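Engineer: Questions regarding the structure given below will be posed in turn.
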Amino acid sequence: MIEYALNFAFVCAGLALLINLWRLSFGPTIADRVLAVDTMAINGIALLVLYGIGRATSMYFEAALLFAMVGFVSTVAYCKFVLRGDIIE
Amino acid sequence: MEFIVELVISVLIVIGGLFTLIGSFGLVKLPNLLMRLHAPTKATTVGVGSILIASMLFFWVERGTFTIHELLITIFLFLTAPITANLIGKAYLLRHVDPKDDLPHTGEAEGWATFDVRDPEEQPRDPGKLPQD
């Protein structure tokens, strides 16, 4: 039963990533694109954790944690650049 | 594996996948950015949260040892989501909202924080005026 649920969640997360990619390409403002990248990082975390459950290894957990941190830092860096014209002042 | 535990894990995974999809669907459907900012928070909290709880339960049943290190990701996401939302909103305000026409007056000597970048030694300004650049 878990396999079916995993397949369903894989399809959902993949579809969500595609939708985010659409927003990233056609987003009318810069903030839209930054938001799309942030959401893509979160969907990537979901995919990694799901893959870890599917393979029954906890190896992908560390990758997911790193993804969360790098996604947060990159979003903040983009927003700082838009706000101040510089990242580290 | 017991049937009930398997059922709970499967339901949590399905809920997580659905909410991830709903969050991204809102990103396309809603009309402007300040509304769009609202949609992916569902994917962050309920979506990734329930997938991580499912992962916790799965490895508990699989290995027999209960670990809470999945909660690290959840806590990290819960801590950082408001910060990113605030910064994205500020970036949008700075580029696309005119502080004179679109925002109500603050009623203080200072204007809106995103637009009002003053050095602290300057004298308090006339409340009606906002910085020009």
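Sequence order for the protein chains is R and U. The opening position of the first sequence corresponds to residue 27 in our numbering, with each subsequent residue numbered one higher. The opening position of the second sequence corresponds to residue 528 in our numbering, with each subsequent residue numbered one higher. Glycine residues also receive a C-beta, built at the ideal position from the N, C-alpha and C atoms. Just so it is clear, the structure is predicted and the values come from calculations on it, not from any experiment.
For alanine 90(R) versus isoleucine 600(U), is the C-beta distance shorter than 8 Å?
Structural biologist: Locating residue 90(R) in the first sequence gives position 64, where the first residue counts as 1. Locating residue 600(U) in the second sequence gives position 73, where the first residue counts as 1. Cβ atoms of alanine 90(R) and isoleucine 600(U): closer than 8 Å.
Engineer: Got a sec: is the Cβ-Cβ distance from isoleucine 113(R) to anything in chain U below 8 Å?
Structural biologist: Along the first sequence, read from residue 1 onward, the residue named residue 113(R) stands at position 87. For isoleucine 113(R), the answer is no, since every Cβ of chain U falls outside 8 Å of its Cβ.
Engineer: Which residues in chain U sit within 9 Å of methionine 27(R), going by Cβ to Cβ distance?
Structural biologist: As a working note, residue 27(R) is residue 1 in the first sequence. Per Cβ cutoff of 9 Å: Phe530, Glu533, Leu534, Ile536, Ser537.
Engineer: At the level of alpha carbons, what is the spacing between glutamate 507(U) and serine 577(U)?
Structural biologist: Residue 507(U) cannot be examined here, being either before or after the span of chain U that is shown, 528 to 660.
Engineer: Considering only the beta carbon of each residue, do phenylalanine 546(U) and alanine 94(R) sit closer than 8 Å?
Structural biologist: Taking the second sequence and counting its residues from 1, the one referred to as residue 546(U) is at position 19. Taking the first sequence and counting its residues from 1, the one referred to as residue 94(R) is at position 68. No, the Cβ-Cβ distance between phenylalanine 546(U) and alanine 94(R) is not below 8 Å.
Engineer: Which chain U residues sit within Cβ distance under 9 Å of arginine 49(R)?
Structural biologist: Along the first sequence, one-based indexing puts residue 49(R) at 23. Correct list: Ser551, Leu554, Val555, Arg563.
Engineer: Apart from the five residues just before and just after leucine 43(R), which ones in its own chain have a Cβ nearer than 8 Å to its Cβ?
Structural biologist: On the first sequence, residue 43(R) is found 17 positions in, with the first residue counted as 1. Answer for leucine 43(R): Met66, Asn69, Gly70, Leu73, listed in chain order.
Engineer: Do the CB positions of leucine 560(U) and threonine 55(R) come within less than 8 Å of each other?
Structural biologist: Position 33 of the second sequence, counted from the start, is the residue given in the question as residue 560(U). Position 29 of the first sequence, counted from the start, is the residue given in the question as residue 55(R). Going by C-beta atoms, leucine 560(U) is nearer than 8 Å to threonine 55(R).
Engineer: Thinking C-beta only, is leucine 584(U) closer than 8 Å to valine 624(U)?
Structural biologist: The residue you call residue 624(U) lines up with position 97 of the second sequence. The residue you call residue 584(U) lines up with position 57 of the second sequence. By the CB criterion at 8 Å, valine 624(U) and leucine 584(U) fall outside the cutoff.
Engineer: Could you tell me the boundaries of the alpha helix (DSSP H) in which tryptophan 587(U) lies?
Structural biologist: Sequence index remark: in the second sequence, residue 587(U) carries index 60 (1-based). Looking at the DSSP string, the run of the alpha helix (DSSP H) that includes tryptophan 587(U) is 576–590.
Engineer: Applying a beta-carbon distance threshold of less than 8 Å, which residues of chain U neighbour leucine 109(R)?
Structural biologist: Residue numbering aside, residue 109(R) sits at position 83 when the first sequence is read from its first letter. Correct list: Leu614, Lys617, Ala618, Leu621, Thr641.
Engineer: With a threshold of 7 Å on Cβ separation, who are the neighbours of threonine 101(R) within its own chain once the five nearest residues in sequence on each side are excluded?
Structural biologist: On the first sequence, position 75 is the one that residue 101(R) refers to. In chain order, Val60, Val63, Asp64 place their CB closer than 7 Å to the CB of threonine 101(R), counting only its own chain and leaving out the 5 sequence neighbours on each side.
Engineer: Using a threshold of 8 Å, state whether the C-beta atoms of glycine 46(R) and serine 582(U) are closer than that.
Structural biologist: Against the first sequence, residue 46(R) aligns to sequence position 20. Against the second sequence, residue 582(U) aligns to sequence position 55. Correcting the residue identity first, residue 46(R) is asparagine in this sequence and not glycine. No, Cβ-Cβ distance for asparagine 46(R) and serine 582(U) is not below 8 Å.
Engineer: State the CB to CB distance for the pair leucine 548(U) and leucine 32(R), rounded to an integer number of angstroms; the pair is presumed to be in contact (CB under 8 Å).
Structural biologist: If you number the second sequence from 1, residue 548(U) lands on position 21. If you number the first sequence from 1, residue 32(R) lands on position 6. No, leucine 548(U) and leucine 32(R) are not in contact; Cβ-Cβ is about 15 Å, not under 8 Å.
Engineer: Taking the alpha helix (DSSP H) that isoleucine 595(U) falls in, what are its first and last residues?
Structural biologist: As a position in the second sequence, residue 595(U) is number 68, starting the count at 1. Neither: isoleucine 595(U) is in no alpha helix (DSSP H) and is coded neither H nor E.
Engineer: Which residue marks the beginning of the alpha helix (DSSP H) containing methionine 95(R), and which one marks its end?
Structural biologist: As a working note, residue 95(R) is residue 69 in the first sequence. Methionine 95(R) -> alpha helix (DSSP H) spans 85–110.
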